[in-house]
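Chemist:
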Amino acid sequence: IYCELVGYSLGNDAYHIVSPEPSGKSACNVMRHALDDAHITISDIDYINAHGTGTILNDSMELKAIERLMAGTDKKIWISSTKSIIGHCMGAAGAIEIASVVLSMNHKKYLPMPNLKNPIEHSDKICMSSETFPLEINYALSNNFAFAGNNSALVLKNFKDGD
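This is the structure in structure tokens:
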């Protein structure tokens, strides 16, 4: 057993056929509901695998959603996007990204964004890197936001014998 799926949420904001809802409210809601389903808070999350398409519209919306989710906590959270390494696999993106999160948890390593050169400005609570490094991930949140406002978030818990 590599990890446990302990929470999930699905939603649809029906904002636009191809553009994300810009405030991040809907994306935040789906993340919050996934955390509620897992019976944890954002303070328990060690890593977020962002949908992170590398587009201004999507990435700025997702950062706003994560900042909204993190309101009231002082914890810093590492985020990255698998798409920065392998591209957007469309319908298979979520499955491939979950596999990468599970491997990151199992190998205790941050999944870097090697092409990260000029990140969108973000709060001091959100950390990103172009380098890999050791990272203990007990809980991870993985986001996927699709066309027509379809949103999903999964919460994974690292499996430890005796849990």
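Numbering-wise, my numbering comes out as the position in the sequence shown, counting from 1, plus 48.
Glycine included, C-beta positions come from ideal geometry on N, C-alpha and C.
(1) For K173 and I49, what's the separation of their Cα atoms in angstroms?
(2) With a 10 Å radius around its C-beta and 16 neighbouring C-beta atoms as the bar for buried, classify H99 as buried or exposed.
(3) Mind the definition here: the stretch 188 to 201 touches the stretch 141 to 152 only if three or more C-beta pairs lie below 8 Å; say whether that holds.
(4) Spell out a yes or no on whether the stretch 197 to 204 and the stretch 143 to 162 are touching, meaning 3 or more CB-CB pairs, one atom from each, closer than 8 Å.
(5) Mind checking G210: buried by the 16 CB within 10 Å criterion, or exposed?
(6) Report the residue from M176, T121, Y158, N199 whose alpha carbon sits nearest the alpha carbon of N186.
(7) Measuring only the C-alpha atoms, how far is P68 from E110?
(8) Pick helix, strand or coil for A75, following the three-state DSSP scheme.
(9) Measuring alpha carbon to alpha carbon, tell me which of D107, T121, K112, K73 ends up nearest D92.
(10) What residue ranges within the stretch 94 to 166 form continuous beta strand (DSSP E) runs of no fewer than 3 residues, ordered along the chain?
(11) So, is T130 buried or exposed, given that buried needs 16 or more other C-beta atoms within 10 angstroms?
(12) For I90, which residues of its own chain have a beta-carbon under 7 Å away from its beta-carbon, when the five flanking residues on both sides are left out?
(13) Could you tell me the distance, in whole angstroms, from the CA atom of C175 to the CA atom of N163?
(14) Do you know how far the Cα of R80 is from the Cα of S200?
(15) With DSSP as the reference, label F193 as helix, strand or coil.
(16) Which of the three DSSP states, helix, strand or coil, is assigned to L83?
(17) Out of I114, P160, G59, I146, which one is the CA nearest neighbour of P182?
Modeler: Checking against the coordinates, here is how it stands:
(1) Looking up residue 173 in the sequence shown gives position 125. Looking up residue 49 in the sequence shown gives position 1. Rounded to the nearest angstrom, the two C-alpha atoms are 31 Å apart.
(2) Along the sequence shown, one-based indexing puts residue 99 at 51. Answer is buried; the Cβ neighbour count reaches 16.
(3) yes
(4) yes
(5) Locating residue 210 in the sequence shown gives position 162, counting from the first residue. Counting Cβ neighbours within 10 Å, G210 comes out exposed, since fewer than 16 surround it.
(6) Numbered from 1 along the sequence shown, position 138 holds the residue referred to as residue 186. Here the closest residue by C-alpha is Y158.
(7) Walking along the sequence shown from the start, residue 68 turns up at place 20. Walking along the sequence shown from the start, residue 110 turns up at place 62. So the alpha carbons of these two residues sit roughly 9 Å apart.
(8) Mapped onto the sequence shown, residue 75 falls at position 27. Correct three-state label for A75: helix.
(9) Position 44 of the sequence shown, counted from the start, is the residue given in the question as residue 92. Minimum Cα distance to D92 is reached at T121.
(10) 95 to 97, 125 to 128
(11) For this step, residue 130 is matched to residue 82 along the sequence shown. So T130 ends up on the buried side.
(12) Within the sequence shown, numbered from 1, the residue matching residue 90 stands at position 42. Hits under 7 Å: L83, L117, M118, T121.
(13) Taking the first residue of the sequence shown as position 1, residue 175 is located at position 127. Taking the first residue of the sequence shown as position 1, residue 163 is located at position 115. Between C175 and N163, the C-alpha separation is close to 15 Å.
(14) If you number the sequence shown from 1, residue 200 lands on position 152. If you number the sequence shown from 1, residue 80 lands on position 32. Looking at the two C-alpha atoms, the distance is approximately 11 Å.
(15) In the sequence shown, the residue the question calls residue 193 occupies position 145. DSSP places F193 in strand when its eight states are reduced to three.
(16) Position 35 of the sequence shown, counted from the start, is the residue given in the question as residue 83. Helix at L83.
(17) What you label residue 182 is simply residue 134 of the sequence shown in a count that begins at 1. Among I114, P160, G59, I146, the Cα nearest to that of P182 is on P160.
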